[in-house]
Structures are given as C-alpha cells and as structure tokens.
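A.B. asks: The structure's right below; bear with me while I get my questions together.
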Amino acid sequence: MKQCEALLNRLMQDNFGWVFNSPVDVVKLNIPDYFTVIKHPMDFGTVKKKITSGQYASPLDFAADVRLTLSNAMTYNPPGNDVHIMAETLSKYFEARWKAIEKKLPITMNVVDAMPSIAAEHPIEVERNSDILPRKK
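Take the sequence shown: its position 71, counted from the start at 1, is 170 in the numbering used here, and no numbers get skipped.
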C-alpha cells in the first residue's frame with residue numbers, strides 16, 4: 100500500500116490535483132443537483148484518510164476509489180469543461196502508473212471471478228487453510 104500512497108500523493112500534489120483533494124462542496128459551487136447525478140461521491144482526501152487508517156482490504160480497492168473520484172468528475176462535468184479535462188488528464192496519469200503497481204499484486208481468486216468463461220473451462224480446487232496456489236482439477 101506504500102506505493103499506492105505515494106501515487107496518491109503525486110496525484111494530490113499535481114497542478115490539477117487540488118480540484119479533487121476534498122469533497123465537492125455543493126453549496127460553495129452552487130451545484131444543488133450534484134448528488135442527484137453522482138450517487139457515490141469520492142475525493143482524494145477521503146482516499147488518503149482511508150489508506151492511512153488501513154480501511155482498504157487491497158490495492159484494488161484503493162484504485163477503485165481513485166477511479167471513482169475521477170469518473171465522477173467526468174460524469175458530472177461535460178467534455179470540454181475544465182474539471183472534466185483535469186480529471187481526464189489525471190486519469191491517464193494514474194492508469195499509466197497503476198500498471199506498475201498492479202503487476203506486483205499477487206494473483207488471487209478475483210482474477211478467476213473477473214474471467215468466468217475461462218474459469219468455467221479450467222476448474223480449480225482450493226485446499227482449506229493452504230498457503231499454496233489453487234491446484235487444477
């Protein structure tokens with residue numbers, strides 16, 4: 100998670116990061132419909148709190164919240180809008196750097212869950228209380 104925290108710090112310190120460092124203030128920004136459009140608000144400051152307090156079960160959860168932050172901005176603000184452009188730019192920056200972190204993650208059952216067709220063709224057997232990878236049947 101240290102690499103995740105370092106990446107988050109880079110995002111927060113980026114020239115565009117300030118926009119996403121705290122929750123959207125719908126009153127200050129005069130956008131009363133924000134929570135009608137955005138059902139799951141997220142921001143880098145909240146991500147920072149969650150990472151430092153150990154609330155993320157895995158780096159994948161961290162990545163999901165970073166993506167949610169930027170996706171919300173691109174959903175609410177139309178293409179061409181400054182905030183949309185800033186979110187798009189940071190998203191590209193994040194994804195490029197996330198690849199290096201993701202490559203180091205252990206292979207888990209989540210990979211099988213993400214690819215049900217492959218999982219159906221290659222059933223596996225998992226030993227209880229085992230520290231080894233699952234065996235093919």
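By construction, the Cβ of each residue, glycine as well, lies at the ideal position given by its N, Cα and C atoms.
Model, not experiment: these values are computed from the prediction.
In three-state DSSP terms, what is Met141?
C.D. replies: coil
A.B. asks: Using C-beta distances below 6 angstroms, list every residue in its chain close to Thr142, excluding the 5 sequence neighbours before and after it, in chain order.
C.D. replies: Position check: residue 142 holds Asp in this sequence, whereas Thr was assumed. Contacts found: Phe119, Ser121, Pro122 and Thr168.
A.B. asks: Please list, in chain order, all residues of the same chain as Met111 whose beta carbon is under 6 angstroms from its beta carbon, the five residues on each side excluded.
C.D. replies: Asn120 and Phe143
A.B. asks: Do you know offhand how far Asn180's Cα is from Ala199's?
C.D. replies: 30 angstroms
A.B. asks: So, does the stretch 183–192 touch the stretch 123–135, judging by three or more C-beta pairs under 8 angstroms?
C.D. replies: no
A.B. asks: Does Asp132 come out as helix, strand or coil in the three-state DSSP assignment?
C.D. replies: Coil at Asp132, not helix or strand.
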